[in-house]
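Everything on this sheet refers to the single structure shown next.
Numbering (our numbering), first residue to last: 8 to 522.
Right, dumping it as structure tokens:
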């Protein structure tokens, strides 16, 4: 059992002890967190990081999770006459029950909670909806609210976030506030759940909500630290700027189990991307400008996978007479010119160090351009290359990263490649790069990143490689591809569904679907 599962199990166990404790323990006004958490640091970590995943969250936990602005909002609501708090996905409703028992809470304050399983029961000023999902609860069953909260509630688990959000808005008073907790550390579902908008933009769930007309949505990303580890907590505060806000309808197109699950949604009126040619032109212009500052040394380093392992260098040196190297890159002839001039600079210690610098420099100077034919360009579209004996193809921010038709690009490369040849495709930075951020939705409903997709194709042997050092500013990745069985090669057609945010490579990420 890993540490996270152990902490969750232990926390749930502590909640169970609290729920079924003897009368003297139940009489305490403390929550489960403050009953069992004292000075022991491991228990403090449980309270900070894991308690949010259980059903035993107290009011103090809510305040810590959603920050000082929420603390002010909830205190204001509790002291307001005839106010109402709707806590959606409240678990055992400890937070609301503590609020009701507080001596500073106004006598007319009321609360409603929704929880599929809970120990809380309706009584007095508390109304509990148990055993039903929020989507199936009529608006009339929930009073108009001054405050609505969702802490790993329906929004995190529902396949229809549009319905959930619309219900929150329908049940919100004109001057009311909604607080959504999107998670912390590596569990920020507001970041990894995505929505394909009507105009073909792939957006995070938080960005999608923030772009809905009529809403004022403020995302708060609070920096935290524990034992020297920095992380973030995400909370969104929402108010209505007008009364007739309509949430766009969506459908779930991908689901991966988790706590919370990972989901992808698509707006029902999605019409796809209409300006694909303009997007491709913009991407090519970006890489053209980037290529002006790239040297042959940097180019070669981009296809290096270890201190002394350099697959591309080996492939170049292995080229024989009459064999061709097709290099699809904005750098054009600069690569060959600097190779001919033996113009290499391996002094950058962020790439590799020590004797390997001298070894790679020595191997690079051994390249003999007189032995092979060199063909280059930013794109191969329209080029007649079928008569060339192409044994090596490299794509460094070329067609693969800029055309948004990676299936057609790869098929053309495979068709051009001679038997026993090799293709090297640069896929960008390891974290946040084009190959990592772009996504393919496969025929079986899985979502994988684009660079991983290259290693799954029948008839081809694809191997992902990494270069550079993480501690020196990041790693990059590329995929080495050879033909295993030409007759068995199958490259599924990809449909371009949407465009995402700019990657660390300067071009926008893309979302594809296998046809």
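Ideal placement from N, C-alpha and C gives every residue a C-beta, glycine not left out.
Note that this is a predicted model, so its numbers are computed, not measured.
Check your understanding: What do you get for residue 139, buried or exposed, if any count of 16 or more other CB atoms within 10 angstroms of its CB means buried?
Key -> exposed
Exercise for review: Return the first residue and the last residue of the alpha helix (DSSP H) that residue 182 is part of.
Suggested key: Segment 179-191 is the beta strand (DSSP E) holding residue 182; no alpha helix (DSSP H) there.
Point to revise | residue 314 versus 195, 467, 355, residue with shortest Cα-Cα distance | key: 355
Review point. Taking three-plus beta-carbon pairs below 8 angstroms as touching, is the region 213-221 in contact with the region 124-139?
Key: no
Exercise for review: Would you verify that the beta carbon of residue 132 is, or is not, closer than 8 angstroms to some beta carbon of chain C?
Suggested key: Of the protein chains in the structure, only one exists, and it is not chain C.
Exercise for review: Output the boundary residues of the beta strand (DSSP E) element that contains residue 323.
Suggested key: Run containing residue 323: none in the beta strand (DSSP E); it sits in the alpha helix (DSSP H), 318-324.
Review point. By a C-beta neighbour count over all protein chains shown, 10 Å radius and 16 as the cutoff for buried, is residue 404 buried or exposed?
Key: buried
**Study point:** Distance between residue 485 and residue 517 (C-alpha atoms, nearest Å)
**Key:** 17 angstroms
Practice item. Would you mind listing the beta strand (DSSP E) stretches within the region 433-498 that are 3+ residues and don't spill past its ends, in chain order? Key: 446-448, 454-456, 467-474, 483-490
**Study point:** Nearest candidate by alpha-carbon position, reference residue 258, set 287, 292, 413, 169
**Key:** 169
Exercise for review: Could you check what DSSP says for residue 414 in three-state terms: helix, strand or coil?
Suggested key: helix
Review point. Taking the alpha helix (DSSP H) that residue 366 falls in, what are its first and last residues?
Key: 362-372
Exercise for review: Determine the extent of the beta strand (DSSP E) in which residue 119 is found, giving its start and end residues.
Suggested key: Where residue 119 is concerned, the enclosing beta strand (DSSP E) stretches over 117-122.
Check your understanding: In chain order, what residues of the same chain have a beta carbon less than 7 angstroms from the beta carbon of residue 510, not counting five sequence neighbours either side?
Key -> 435, 439, 440, 441, 444, 516
Practice item. Report the rounded CA-to-CA distance for residue 196 versus residue 162, giving the unit in angstroms. Key: 10 angstroms
Check your understanding: Taking Cβ positions, are residue 151 and residue 174 nearer each other than 8 angstroms?
Key -> no
Point to revise | Distance between residue 363 and residue 433 (C-alpha atoms, nearest Å) | key: Per the coordinates, the alpha-carbon of residue 433 lies some 22 angstroms from the alpha-carbon of residue 363.
Practice item. Starting from the Cα of residue 120, find the closest Cα among 157, 413, 282 and give me that residue. Key: With distances taken between Cα atoms, residue 120 lies closest to 157.
Review point. Is residue 392 helix, strand or coil by DSSP?
Key: coil
Review point. Looking only at C-alpha atoms, which of 249, 244, 190, 452 sits nearest to residue 230?
Key: When each option's Cα is compared against that of residue 230, the closest is 190.
Point to revise | Reduced DSSP secondary structure (H/G/I, E/B, other) of residue 80 | key: helix
Review point. Residue 207 lies in the alpha helix (DSSP H); which residues open and close that run?
Key: Run containing residue 207: none; DSSP gives neither H nor E here.
Check your understanding: Smallest Cα separation from residue 298: which of 263, 334, 272, 275?
Key -> Taking only the C-alpha atoms, the option nearest residue 298 is 334.
Point to revise | Same chain, Cβ closer than 8 angstroms to residue 376, five either side skipped, listed in chain order | key: The answer, listed in chain order, is 343, 346, 347.
Review point. What residues match up with residue 334 in a beta bridge as DSSP calls it?
Key: 383, 401
Practice item. Closer than 6 angstroms by C-beta to residue 270: which residues in its own chain qualify, once you throw out the five before and the five after it? Chain order, please. Key: 200, 259, 262
Review point. Which of helix, strand or coil does DSSP assign to residue 347?
Key: helix
Point to revise | Reduced DSSP secondary structure (H/G/I, E/B, other) of residue 69 | key: Here residue 69 carries a helix assignment [DSSP, helix/strand/coil].
Review point. By Cβ distance, which residues of its chain are closer than 8 angstroms to residue 286, with the 5 residues on each side in sequence left out?
Key: 280, 411, 506, 515
Check your understanding: CB residue 183 to CB residue 96, shorter than 8 angstroms?
Key -> The answer is no: Cβ separation not under 8 angstroms.
Exercise for review: Provide the residue(s) that pair with residue 201 in DSSP beta bridges, ordered along the chain.
Suggested key: 211, 271
Exercise for review: Would you kindly report the start and end of the unbroken alpha helix (DSSP H) that includes residue 291?
Suggested key: Residues 283-299.
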